[in-house]
Amino acid sequence: MAKGKILVVDDEHHIRLLYQEELQLEGYDVVTSDGSENILEVLAREKPQVVVLDIKLEGNRSGLDLLQEIRSQDQSIPVILCTAYDSFQHDLKSIAADFYVVKSVDLTEMKSKVEQALKKAEKQGSSSEGSDTPSYY
14 MAKGKILVVD DEHHIRLLYQ EELQLEGYDV VTSDGSENIL EVLAREKPQV VVLDIKLEGN
74 RSGLDLLQEI RSQDQSIPVI LCTAYDSFQH DLKSIAADFY VVKSVDLTEM KSKVEQALKK
134 AEKQGSSSEG SDTPSYY
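Numbering (our numbering), first residue to last: 14 to 150.
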């Protein structure tokens, strides 16, 4: 049985594949998106417990745009923002993400944040038992 369902959103295929493989080895059920799909439709279809979201995406929308869309529909799902730039971490404290990770070849920090985010999701889930599942539309 999987430890939890994680949605990884990154426009770089090799990063999505790396995160997917590493998290699956840790026992998670992992689905991925390149960010081009409607994020609310992906959330409704996949029902992840945690979202790992790259800040810088190709195309018209950034990870911050997707975060805003997620938060407009669901304040409770933990979101981990990923950036390749360590200097961004200080600027991100005012953004409504739950955790921040600087991309690295060592995925220890990211895995730790996923575990923390899942614990947060479980805690929120148990405190809101009986409530309706949030709508993503």
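Note that the Cβ used here is the ideal one computed from N, Cα and C, for glycine as well.
Check: Of the residues LEU36, TYR41, VAL65, the one placed nearest ILE52, counting alpha carbons only; Outcome: VAL65
Check: Beta-bridge partners of ILE93, as assigned by DSSP; Outcome: VAL65, PHE112
Check: Segments assigned beta strand (DSSP E), at least 3 residues, entirely inside the stretch 25–79; Outcome: 42–46, 63–67
Check: Same chain only: Cβ atoms within 6 Å of SER89, ignoring 5 sequence neighbours per side; Outcome: GLN137
Check: Top-ranked residue by Cα proximity to LEU131, from ARG58, LYS69, ASP42, ASP67; Outcome: ASP42
Check: LYS126 (DSSP reduced to helix, strand or coil); Outcome: helix
Check: Local Cβ density within 10 Å of GLN62, reported as buried at 16 or more and exposed below that; Outcome: buried
Check: Stretch-stretch touch, CB-based, cutoff 8 Å, three pairs: the stretch 67–83 with the stretch 34–41; Outcome: no
Check: Cβ-based burial, TYR113 [other Cβ within 10 Å; buried from 16]; Outcome: buried
Check: Per-residue DSSP class, three states only, for LYS133; Outcome: helix
Check: Cβ-based neighbour list, GLU122, same chain, cut-off 6 Å, excluding 5 preceding and 5 following; Outcome: VAL114
Check: Buried or exposed (CB count within 10 angstroms, at least 16 for buried), ASP119; Outcome: exposed
Check: From ASP23, ILE68, ALA134, ILE28, residue whose alpha carbon lies closest to that of GLU50; Outcome: ASP23
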